[in-house]
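Following: one structure in structure tokens, then a few remarks.
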Amino acid sequence: MKMKKLGVLAGMSLALIAAGCGTNDGNNTENNNNNEGAGADVGEELNYTITGIDAGAGIMGAAEEALDVYGLDEWQVQASSDAAMTQALGDAYDNEEPIIVTGWTPHWKFAAYDLKYLEDPEGVFGEAEDIHTFVREGLEEDMPEAYQVLDNFQWTEEDMGEIMMDIQEGTDDREAARAWVEENEDKVNEWTEGVDPVDGETIDLVFVAWDSEIASTNMIAVVLEDLGYEVNMDPLEANFMFQAVAEGEADAMVAAWLPGTHSHLLEDYGDDMIDLGANLEGAAIGLVVPEYMDIDSIEDLQ
């Protein structure tokens, strides 16, 4: 199989738009007083540790940058995986204990728990992101039907969230994707309208194994299988995912977060791939805490 030379990743990684929480002038002094020492208290309880995901994820770089920008010299961002991060979040939430995690939407955790983004007044984590589809050069000529479907593919956070929640509740990845496709025939038909069926051609999809991309890649795989393709899916670290498409080792991915999360990889590989545009708009990243925690901004950790 042509993906043998690339490293496979078992971890998962990736953020909704943080809502700005304004404070009227009359309450500024009171709020500042209430927050004095909040960062030290939270820091001591958490051993000054933010729970992250895989080390190569763009959100981890942004979190490290946030420590510098906000002067959080005592803090560290601990690398783990999407699965380990959500497990730690769930354990803390069940016990109403403090925790800070790297977070993103779309993600099922925002439906499962009452969470909030820490405000980011310095804009380290940037504005809303889009998730893009990229294909290898030559795919349009080699597999015009798949190219057309991938070019037409666009859905919403709510669409992706339905699959993620089904998977989180125990449904098999592919079964959850299949159920969504069957329940959303009108939307899928918009992507496949005028596309002729194929006879067993093989297409290789790569993805970073975050909950969001597990949902989207399984779903588009089901759509392509229904057209007659044999679909291979390979979970890779983000840098290998970009490399695979750029070098023609894989045919496509629907998992590129831009302009922030994967910008460094786009600089390295973007000239050797075809960007088919956003398949989902309004994603974002940031630091996330349970709503019950008495902090609202990254500045509160100082």
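Numbering (the working numbering) for the sequence shown: 120 to 421.
C-beta: ideal position from N, C-alpha, C; glycine also.
Around the Cβ of Tyr388, a 10 Å sphere holds 16 or more other Cβ atoms; the residue is buried. Counting along the chain, Thr336 sits inside the alpha helix (DSSP H) bounded by residues 330–345. Here the alpha carbon of Gly257 sits roughly 35 Å from the alpha carbon of Asp285. The beta carbon of Met204 lies closer than 6 Å to those of Thr170, Ile172, Val220 in the same chain, with the five residues before and after it left out.
Boundaries of the beta strand (DSSP E) around Gln195: 195–197. The secondary-structure analysis by DSSP pairs Ala402 across a beta bridge with Glu248. Counting along the chain, Phe326 sits inside the beta strand (DSSP E) bounded by residues 321–326. For Leu324, the closest of Glu368, Glu302, Glu288 by C-alpha to C-alpha distance is Glu368. Bounds of the alpha helix (DSSP H) holding Val364 are 357–365. Put simply, of Val161, Val268, Gly319 the residue whose alpha carbon is nearest the alpha carbon of Gly347 is Gly319.
With respect to the C-alpha of Glu259, the residue from Phe244, Asp419, Ile393, Ile417 having the closest C-alpha is Ile393.
For Ile169, the enclosing beta strand (DSSP E) has its first and last residue at 168–170. Rounded to whole angstroms, the separation of the alpha carbons of Arg255 and Asp390 is 11 Å.
Taking 8 Å as the cut-off, the Cβ atoms of Trp299 and Ile282 count as close.
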